[in-house]
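Note sheet for the following structure.
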Amino acid sequence: MLVKENNYMYEMIRTELTDVLGEQYVGVNDADLFGHSVDYYWIPEMWHDRGMETPKPDFICHPSTTAEVAKILRIANQYKIPVVPWGGGSGSQGGALPVYGGIVIDMKRMNKCYGVDKESLTVRCQTGIIAKHLEWICNKEGYSTMHLPASISCATIGGFLAHRGTGVLSTKYGKIEDMVMSLEVVTPTGEIIRTLPVPRHASGPDLTMLFLGSEGTLGVITEVTLKIHPQPEAREFRAYIFKDFHTAMSAGAELMRSRLQPCAIRLYDETETKTHVRKVFGMELEQGAYLVFGFDGRRDIVDCQMRYAREIMEEKYHGQDLGSKGGDLWWENKYKFFYPPYMFHIPQAFGTLDTVATFANIEKVYYAMKKVVNDGFPQARFIGHFSHWYEWGCMLYARFIFEEEAVPKDPREAAALYNSVWDAAIRAAIANGGVINEHHGVGLKLGRYMKDLYGTAMPVLEGIKKQLDPNNIMNPGKMGFKGI
Amino acid sequence: MNIDNYLETIKFCRFCFMCRHLSAIGNVTFTEADTPRVRASMIYGATIHPELFANEDLIKTMYRSDLSGCCRRNCVNHYDEVGLTLAYRADLVEAGKAPEYIKTIATALMNSPEWSVSGKGKVAYVADNYSVESGAAAAFGKLAKEFRTVSGGSCGKGLWVLGFRKEAKLLAEKFLKALEGVETVVVSHTGIFDFLVNTIGEMGLKLDAKVMHTSEYLAGVKTARPLGDLYYLESDYLRNYNSDYPYPRALLTSNGANLKPFGTNDEESYSCAEGALLLDKIEPELVEKLAKYIEARADNPAKDVIVTASPYTRIQLGRFTSLKVKTIEELLAEAL
């Protein structure tokens, strides 16, 4: 059922929620409801920009304990009310938008950290803690989560778990799913479960991985134990310019195949090298593609790895060495891209088409996406960089940008144009061995491609969803699952 | 409208999340509305739907902002969401839409007693109510000589922060008159310091005297013993509004203080919303939450010696926590 404010059932349900949380933790005022109606997804931002009404929840619940989350879900099941978990609200895929109204569970009050285990190098916390706050706690003890995405200041740990987020040091330390030891989850029907205490075992299938990336559709992740790391003695970067994108990609792939352990690699395509890097870093670069990488850890091991990496870059691929300063500039400015006015913003229309593929496929994916955007939408710019690298491939962070004059004023026409870019680009990615997303998640934006991506495996996902959430209360209409 | 001076701030802050971890109020209410992004976004909404401008919930949100200035200080381009919030309040007041609970506080400020001046000298010490209540004023009396005391009135900063700008200017003129003939004005209250350094200029007024926070004026004080291990709580006004005003730390370290980092970082506000100046009058329960948030971040709440340059912060932490907090003036006076 969808509750309406003028229905007496609204007050009945509000009373039950208030009984669980107390009045001050059941938000119904206009400011709070608005605050939970727009995330970082371009469509709701544009909708609000054009003066349109954004979909709001009926109630915003701020639980402080797992037991309270369980009680909220039981109430929601009783009345079949949609529930959307909300972390920092900084997702770019519309995953936390309450498109059917109902209850938003804002997790930020669940921000306790239970301390650092210095013997096992882990930290246990509630998932509503803002990632930066957790990182500060670890830093004070001499450690780091090494999960350092640009959204560290605004996103919660639970948000990263929900959509499989990634930080800038992922190449060495992994994505968030590589950092998790175990989870506590409240299932849609209100049962509290814990996954196994360690991530490596032969004790059956891995429930931890089932919930990572489930985007609030399979339950609410309430606690996590994460791996942490000592702060490294040294962290050093070095940057190169290669004659073209292909050569730079080959050099980066070779660095990964060498099984050296860079903490980060980032490669900008020629378009982004010329514009974005120059603008932000104030560096006058020659033609070509910019690649930066780094190592961290013990000083002598960093030096040794850097020596071998330089051989690859300089002797085999003839990169122009910008030195450590060129690399350090990237590290120092790694978040600057995301502050205004550097970040794209409305009235521009823009999107991040991140995908991931093997080294054998990644250039095909890049050129296929670029072609469909350039051919189908000549009024748009297409830029890309490659920012998370694995032993077998890397992630493409492609973006399209329409300047203001190319974006229809009518919000429906603007949304239609926007969606058609995604249709073309994502299908090109899938057709060439890519996936629909690498680290921003699926949400509302990409749900319609899930069947294309998963094919005959999609009913397996749908079966799991139905088993865990028989009343379909958890984040309906997201991740390709059915709506209400 | 006053908010028209902040269109760029609205444009950029409403799309930006990069400072949400620094929202002191947001970190205790846990609501999205209590963040610079959503405040800017709501004001944007009110520019295209004017009926929202005086929405009761928007007003309440705008009047409980901590105004710490941490967002502006840590922003790469220092967009002034604090200025936007103050401009909105001023527009609201000018439109006659200020809520009753704010009008009540404003009326009390407007009816403040006149300033009185006692003592002699070219140096004036402003003994405002917060400085007196915190003990900072009495301690200053033990540390300094040859000053006149200016006390009893309201300088206009409070009304300015609430959005009553015309009325604030009237009070400011009276305050400046009470300071006539003075060469140096010394204040403990960080909000009054900011008022004299920055706000009166925005009002089109001028003070022909040097303005110092007590920590600058007392730079020559030498304590009888080293101050030892201390935690210094940064002031919003001194750090975030006045370019990392260096004198409090300098005074403490010159007297043998070993300043230990408080909490987990040097970006957040640990001031109980000092920048909001009057939150203890507007929503005291929020100040209590802010105080508890700070208390929870102390290394050893029972033992740590914590010092602040802000009488306001000293009062709130004393009221709501068990922390051992002193103003700089108190600490120095005890160590003479």
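Order-wise, the sequence lines are chains A and B. The opening position of the first sequence corresponds to residue 525 in our numbering, with each subsequent residue numbered one higher. The opening position of the second sequence corresponds to residue 1367 in our numbering, with each subsequent residue numbered one higher. Ideal placement from N, C-alpha and C gives every residue a C-beta, glycine not left out.
- Item | Partners in chain B for A/V562, counting only beta-carbon separations shorter than 7 Å | S1407
- 8 Å Cβ cutoff met for A/A948 and A/V897: yes
- Closest to B/P1627 by CA distance: which of B/T1395, B/R1615 and B/D1400 is it? B/R1615
- Message: Taking the straight line between their C-alpha atoms, what separation do you get for A/S616 and A/F862?
- Response: Answer to the nearest angstrom: the Cα atoms are 13 Å apart.
- For A/T711, which residues of its own chain have a beta-carbon under 7 Å away from its beta-carbon, when the five flanking residues on both sides are left out? I717, G743 and L992
- Message: I need the straight-line Cα distance from A/H687 to B/G1501, nearest angstrom please.
- Response: 52 Å
- Query: Applying a beta-carbon distance threshold of less than 8 Å, which residues of chain B neighbour A/W855?
  - Reply: Per Cβ cutoff of 8 Å: no residues; A/W855 is ~15 Å from chain B at best.
- Query: B/F1383 touches chain A at which residues, Cβ-Cβ below 9 Å?
  - Reply: Simply Y564, G612, G613, S614, S675, S677, C678, A679 and F862.
- Message: Under 7 Å: does the beta carbon of A/D563 sit that close to some heavy atom of the ligand FAD?
- Response: This structure simply doesn't include the ligand FAD, nor any ligand for that matter.
- Got a sec? Which residues, its chain only, sit under 6 Å from B/A1534 by beta carbon, not counting five neighbours each side? G1522, L1525 and W1526
- May I ask you to report which of helix, strand or coil DSSP gives B/N1624? strand
- Hey, would you say A/P871 sits closer than 8 Å to A/E928, going by beta carbons? yes
- Query: Buried or exposed: where does A/R831 fall if 16 or more other Cβ atoms within 10 Å of its Cβ makes it buried?
  - Reply: exposed
- Where B/Y1597 sits in the DSSP three-state scheme: Strand.
- Item | In chain order, each alpha helix (DSSP H) run of at least 4 residues that lies wholly inside the segment 617-701 of chain A | 655-664, 681-687 and 694-697
- At which residues does the alpha helix (DSSP H) containing B/L1652 begin and terminate? Where B/L1652 is concerned, the enclosing alpha helix (DSSP H) stretches over P1650 to E1661.
- Query: Taking Cβ-Cβ distances below 9 Å as the criterion, which residues of the segment 1370-1399 of chain B are in contact with chain A?
  - Reply: Taking a C-beta cut-off of 9 Å against chain A, the contacting residues of the segment 1370-1399 of chain B are E1374, K1377, F1378, C1379, R1380, F1381, C1382, F1383, M1384, C1385, R1386, H1387, L1388, G1392, N1393, T1395, F1396, T1397, E1398 and A1399, listed in chain order.
- In angstroms, rounded to a whole number, what distance separates the CA positions of B/V1516 and B/A1699? 21 Å
- Query: Does the segment 896-913 of chain A touch the segment 692-707 of chain A, meaning 3 or more C-beta pairs lie closer than 8 Å?
  - Reply: yes
- Query: Taking C-alpha atoms, which residue in A/S561, A/A555 and A/M670 lies nearest to B/E1422?
  - Reply: Considering only alpha carbons, the answer is A/A555.
- Give the single residue among A/S644, A/L645, A/N530 and A/I676 whose Cα lies nearest to the Cα of A/E659. A/I676
- For the putative contact between A/L734 and A/V704, defined by C-beta atoms under 8 Å, what is the C-beta separation to the nearest angstrom? Actually they do not touch by this definition, with Cβ atoms about 12 Å apart.
- Item | Proximal chain B residues relative to A/G965, where beta-carbon distance stays under 9 Å | By Cβ distance, chain B contributes nothing, its closest Cβ being about 16 Å from A/G965, past 9 Å.
- Message: Can you tell me where the beta strand (DSSP E) holding A/M533 begins and where it ends?
- Response: Run containing A/M533: none in the beta strand (DSSP E); it sits in the alpha helix (DSSP H), Y532 to L545.
- Could you name the residues of the same chain whose beta carbon sits closer than 6 Å to that of B/H1555, not counting the 5 residues immediately before and after it, in chain order? Within the same chain, B/H1555 has close Cβ partners D1494, Y1496, S1497 and P1677.
- Return yes when the Cβ of B/A1662 is within less than 8 Å of the Cβ of B/D1670, no when it is not. no
- Taking Cβ-Cβ distances below 8 Å as the criterion, which residues of the segment 1421-1441 of chain B are in contact with chain A? N1421, E1422, D1423, L1424, K1426, T1427 and C1441
- Name the residue from A/V966, A/V945, A/L941 and A/L977 whose alpha carbon lies nearest to the alpha carbon of A/T955. The residue asked about is misnamed: residue 955 of chain A is Ala in this sequence, not Thr. Scanning A/V966, A/V945, A/L941 and A/L977 for the CA closest to the CA of A/A955 turns up A/L977.
- Message: Under 8 Å, Cβ to Cβ, is there at least one residue of chain B near A/D543?
- Response: no
- Exposed or buried, what is B/R1439 when buried is set at 16 or more other beta-carbons lying within 10 Å of its beta-carbon? buried
- State buried or exposed for B/A1474, treating a residue as buried only when at least 16 other CB atoms are found within 10 Å of its CB. exposed
- Query: For the alpha helix (DSSP H) that contains B/A1534, what are its first and last residues?
  - Reply: R1531 to A1544
- Message: Measuring straight from C-alpha to C-alpha, what distance separates B/C1379 and B/A1412?
- Response: 15 Å
- Could you say which of A/R598, A/Y921 and A/R648 lies nearest to A/V722 if we only look at CA atoms? A/R648
- Message: Can you give me the C-alpha to C-alpha distance between A/E794 and A/K975, rounded to a whole angstrom?
- Response: Computed Cα separation, rounded: 34 Å.
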